[in-house]
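First residue of the sequence shown: -19, per my numbering; consecutive thereafter. A virtual CB, placed ideally from N, CA and C, is assigned to each residue, including glycine.
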Amino acid sequence: MNFTEKSHEAVAGIRGKIFYAVDATVGGGRDALFAASIMEPSGKLFCFDVQAEAIARSKKLIEENAPECACEFFHAGHEHMKELLPRQTHGRINCFFFNLGWLPGSDKKIATRAETTIEGLSAAFELADRNACVISVCCYKAHEGGMSEFRAVERFMEANFPDCKRYTDTLNDLSPELFIVKFGG
Ligand SMILES: C[S@@+](CC[C@H](N)C(=O)[O-])C[C@H]1O[C@@H](n2cnc3c(N)ncnc32)[C@H](O)[C@@H]1O
């Protein structure tokens, strides 16, 4: 299963309703570029990452491939999302990507962590537009800390959104696991 395609497909399901989008872990910028390609032209994209290298890579990718996209980058953890996103976007965000783990091709130790991921997800639930929003969370289990982060996300989802859709390879205990939460019709 291609988890990136699956998460893009879920977000594309609310095409036409995406005015504010957030990539909570912008990394190499692929999810951000996808969001830019399907957002409304008047929309705005907000991207977070703790690594300057990720911000630089993604900025370049967006500038080269979606120069028309209004995009703001925060060199900060997604756990600070609520303080950093403009007040007028609160309750009006239509899509969030949380593609967890580490930046491919860089230091695997700089990966997302259970505690800050749950803070970021809690903020996303508060900031989501309840009439139209998809929250995509892709967990990787095989690296150090990955399984405990996955378990924390699973507990969070079961407590807050038991009806969320889940995708994984059930034959492989270490397969990534994708959670898709959808608000609105
Ligand atoms: C798997 S990559 C993201 C891939 C990316 N969405 C893409 O399309 O290429 C995970 C990213 O999360 C970043 N990260 C780690 N901790 C973070 C945090 N607390 N807040 C935001 N980003 C974080 C890492 O630096 C890394 O770039």
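- Measure the beta-carbon distance from Tyr0 to Ile115 and round it to whole angstroms, keeping in mind my assumption that it falls under 8 Å. That pair is no contact at about 13 Å.
- Along the chain, where does the alpha helix (DSSP H) that runs through Ser86 open and close? First-last for Ser86: undefined, no H or E at that position.
- Query: Which residue from Ile160, Arg10, Glu52, Glu157 puts its Cα closest to that of Pro84?
  - Reply: Arg10
- Item | Alpha-carbon spacing of Glu52 relative to Ala(-8), whole angstroms | 21 Å
- Message: Runs of 3 residues minimum, wholly inside the stretch 55 to 81: which ones carry the beta strand (DSSP E) assignment?
- Response: 75 to 79
- Task: Could you give the DSSP three-state label for Asp3: helix, strand or coil?
- Result: Strand.
- Item | Val2 and Asp29 closer than 9 Å at C-beta | no
- Item | DSSP-derived helix/strand/coil call for Ser155 | coil
- Inter-residue CB distance, His58 and Gly23 (contact presumed, cutoff 8 Å): So it is not a contact: roughly 19 Å between Cβ atoms.
- Sort Asp153, Gly(-4), Phe105 by Cα distance to Lys62 and report the nearest one. Out of Asp153, Gly(-4), Phe105, Phe105 has the C-alpha closest to the C-alpha of Lys62.
- Task: Please confirm whether Ser17 and Leu158 have their CB atoms less than 9 Å apart.
- Result: no
- Message: Could you give the first and the last residue of the continuous alpha helix (DSSP H) run that contains Phe105?
- Response: Note, Phe105: alpha helix (DSSP H), 94 to 107.
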